[in-house]
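Numbering (the numbering used here), first residue to last: 339 to 658.
Even glycine gets a Cβ: it sits at the ideal position worked out from N, Cα and C.
Note that the structure is predicted; figures quoted are calculated from it, not measured.
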């Protein structure tokens with residue numbers, strides 16, 4: 339189904355669940371009010387995965403490279419980071435208290451993989467999963483009833499939600515977009531070209547040279563540079579901005595003036611902590627263009643493949 343069809347189906351199926359459980363309805367409406375679009379949830383999940391990968395120290399960018407103990411710790415980190423983001427109170431018996439109701443938080447790296455402890459029976463659980471390979475995540479609520487669960491055959495007797503009863507989950511956001519892991523999803527040729535460079539500065543230059551027109555997060559910069567002063571590698575005065583200017587490439591940051599430039603060029607605007615690079619060229623007199631921006635007293639547009647590099651214009655000062 340298309341996204342709007344999924345959303346419509348979720349709205350229809352949620353009505354009976356909301357009507358039969360007042361506590362579930364209260365928590366659901368509170369969470370939807372706190373994060374109607376899901377962007378806060380998605381950002382927490384992206385940041386938690388990046389925190390686990392710890393690319394600045396390890397150079398890792400892929401989930402499967404984590405140690406088993408790190409993957410096991412992911413659930414605790416998601417629980418903590420969601421509480422920090424939304425400032426949930428501590429629960430009396432479960433992880434959180436939301437709208438006065440105890441809620442347990444359970445995270446899985448796969449849909450349906452949540453491990454439910456026996457003590458959660460009768461309580462609401464916030465069920466979360468995220469898949470970095472699919473760039474998707476979901477979060478929903480389920481009142482834990484023994485009849486919805488498989489028996490606990492593992493050592494600590496934890497239970498799982500029966501596949502046939504996952505339609506009892508009241509989804510807050512279902513298969514929503516997880517901010518893309520640029521290093522994971524780029525072509526192997528580009529990734530090899532970036533990481534084969536011997537210095538952090540050369541790797542950052544190659545990153546912005548090869549990954550144009552996409553939002554690149556600070557965590558990607560950290561992972562590629564693997565240096566404590568990673569932000570210095572992006573700026574002018576010897577950083578990527580000045581090096582790549584000679585190749586016609588500009589690097590826009592999360593300043594409002596830079597966001598306007600990106601939008602004028604038809605590119606995604608950098609969000610907080612993000613950058614977008616692009617090769618540009620000067621528009622000739624009378625040349626039509628739907629996407630152009632005035633810089634340094636001239637009009638600029640996106641360069642096409644094969645265009646000869648021109649000295650890129652200076653971007654406005656970093657004022658928000």
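Query	Result
Assigned secondary structure, residue 613 (DSSP; H/G/I helix, E/B strand, else coil)	strand
Residues bridged to residue 619 (per DSSP)	639
Among 465, 421, 470, 391, the one whose alpha carbon lies nearest that of residue 480	465
Extent of the continuous alpha helix (DSSP H) to which residue 415 belongs	406-424
Bridge partner(s) assigned by DSSP for residue 498	488
Helix, strand or coil at residue 524 according to DSSP, with G and I counted as helix	coil
Meets three-Cβ-pair contact criterion under 8 Å: the segment 580-589 and the segment 407-414	no
Alpha-carbon to alpha-carbon, residue 386 and residue 530	25 Å
Three-way DSSP call (helix, strand, coil) for residue 441 in this model	strand
For residue 577, the nearest candidate out of 561, 457, 557, 537 (CA to CA)	537
Beta-ladder partner(s) of residue 466, from DSSP	445, 477
Beta-bridge pairing of residue 633 - partner residues as DSSP gives them	636
Beta strand (DSSP E) runs contained entirely in the segment 582-614, provided each spans 3 or more residues	587-590
Rounded C-alpha distance that separates residue 631 from residue 478	43 Å
Simplified DSSP assignment, three categories, for residue 401	helix
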